[in-house]
Amino acid sequence: MEKIRCGWCEKDDLYRKYHDEEWGRPVYDDDTIFEFLVLESFQAGLSWYTILSKRENFRKAFDDFDYRKIALYNEDKIEELMNDSGIIRNRLKIKATVTNAQKFHEVQKEFGSFSAYIWGFVEGKPMDHQPQALSDVPATTEISDLLAKDLKKRGFKFMGSTVVYAHMQATGMVNDHIESCFTRK
């Protein structure tokens, strides 16, 4: 019997694997949450497929998404990243990643973990919109608006409401798998 999936992931095996094994599954681990923050910020204005296909290059270029190391990147490291053809070479996004790593650590100190902070916006459990079709899935919500505004106030970059909502979907803060999707439950 063929599996029914959310229609956006049927492009190829890379997308299907990501959908089946990661997308929409709750993530409470700060390291993984930061990885998705980096990837989602680079995705702004681009397709998620582009980012997903370069994920391992990003992992290598950004020290396994170690925010402790990234927070210390200097101009030499930024230039090195600007010359790395395996990633998206956007200076503003690279610098934003450094800033976001620093701010991430500040939030951890304030809340005990970044996870506690971000999941607090949804009272610690995934929201479920129960979409019947992809057309029922929003690009933003009131909560993503609030979270984006708070992140901006804290100094985060490239974290608008659309990026934040995509992050919420990716990390399972919201369940936007369509009703007929086999991974829904």
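Take the sequence shown: its letters are residues 11 to 195, numbered as in the numbering used here. Think of the CB as a built atom: it goes at the ideal place given N, C-alpha and C, for glycine as much as any other residue.
The beta carbons of Phe68 and Leu49 sit about 7 Å from each other, so the pair counts as a contact at 8 Å. By the neighbour-count definition (other C-beta atoms within 10 Å, threshold 16), Asn110 is a buried residue. Collapsing the DSSP output to three states places Met137 in a strand. CA-CA distance, Met169 to Lys195, rounds to 29 Å. With fewer than 16 other beta carbons inside 10 angstroms of its own, Met11 counts as exposed. By the CB criterion at 8 Å, Ala158 and Ser171 fall inside the cutoff. Comparing C-alpha distances from His187 to each of Glu32, Lys21, Asp155 shows the shortest one belongs to Glu32.
Here Ala143 is exposed. Its C-beta has fewer than 16 other C-beta atoms within 10 Å.
Exclusion of the five residues before and after Arg99 leaves Met92 as the residues of its chain whose Cβ lies within less than 7 Å of its Cβ.
Bounds of the alpha helix (DSSP H) holding Met178 are 171 to 180. The C-beta of Thr107 has 16 or more other C-beta atoms within 10 Å across all chains shown, which makes the residue buried.
Straight through space, the alpha carbons of Asp73 and Tyr25 are spaced by roughly 24 Å.
The residues Leu49, in chain order, have a CB closer than 7 Å to that of Arg65 in the same chain once the five nearest residues on each side in sequence are set aside. With at least 16 other beta carbons inside 10 angstroms of its own, Arg15 counts as buried. Looking only at Ser63, His115, Gly96, Ser51, the smallest Cα-Cα distance to Ala81 is reached by His115.
Short of 7 Å from the beta carbon of Tyr127, and not among the five residues preceding or following it, lie these beta carbons of its own chain, in chain order: Val117, Phe121.
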